[in-house]
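Take the sequence shown: its letters are residues 1 to 148, numbered as in the working numbering.
Each residue gets a CB set at the ideal place from its N, CA and C atoms; glycine is no exception.
One structure is given here, and the rest of the page talks about it.
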Amino acid sequence: MPRQPQSQEGYTEAHAKSGLTATLPALETWPNQFPGYEITIDIPEYTAICPKTGLPDFGTIQIHYMPDRTCLELKSLKLYIHAYRNLGIFYENAVNRILEDVVKACKPKWAVVTGKFTARGGLSSTVQAVYPRPLRASPRLSRKTNHA
């Protein structure tokens, strides 16, 4: 019989998928007038709810992208991000969901969404999602470590 994957005690599939299909305010765009430049948007007051504990998660979200035909409209982005405040979602999923929604809305040439999250229990996390998705692992991850 194949071995079943083990999960952490108390974590469920519902926790893992929480917030991924929630309805959020639409991201609006406006026509880009200039090709070949980059936009960086810093959102220092990101908040969401941990779907397992119900405790708030805090962090900074950065959206860095090269627009193609449209740019993100900032007021709609603010309303979109504020909708996460009452949403139960793991921050790893939130960063990837934000990237997917940004790409769907403005179809950039490329985009990177980075979340830097406040320490909890002595651990802080940085999560980064990239579009287009890389075909292989990050060089940082695939580098061999010298254990001399």
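Test item: CB-CB of residue i and residue j under 8 angstroms
i, j, result
"Y80", "I39", "no"
"C71", "N96", "no"
"G10", "K52", "yes"
"F117", "G59", "yes"
"E73", "W30", "yes"
Residues sharing a beta bridge with residue i, DSSP
i, result
"K116", "T60 and T126"
"I49", "P56 and G88"
"T23", "T23 is not bridged to any residue."
"Y65", "I39 and A111"
Secondary structure of residue i, DSSP reduced to three states
i, result
"R143", "Residue placement at R143 cannot be trusted, given a pLDDT of 44 that sits under 50; the coordinates are not used to answer."
"L72", "strand"
"Q6", "For Q6, the predicted structure reports a pLDDT of 48, less than 50, and the residue's modelled location is therefore unreliable. A value from the coordinates is still provided. Coil, per DSSP."
"Y80", "helix"
Proximal residues to residue i (C-beta, below 8 angstroms), its chain only, five neighbours per side dropped
i, result
"G54", "G88"
"C50", "P56, D57, G88 and F90"
CA-to-CA distance, residue j to residue i, given in whole angstroms
i, j, result
"Y46", "G122", "19 angstroms"
"P108", "P67", "5 angstroms"
"V102", "L27", "7 angstroms"
"S125", "F34", "35 angstroms"
"S76", "A94", "17 angstroms"
"I41", "H15", "29 angstroms"
Neighbourhood of residue i by C-beta, 6 angstroms cutoff - its chain only, sequence neighbours within 5 removed
i, result
"T114", "Q62 and Q128"
Sequence-distant residues of its chain with Cβ nearer than 7 angstroms to residue i (five each side left out)
i, result
"E13", "none"
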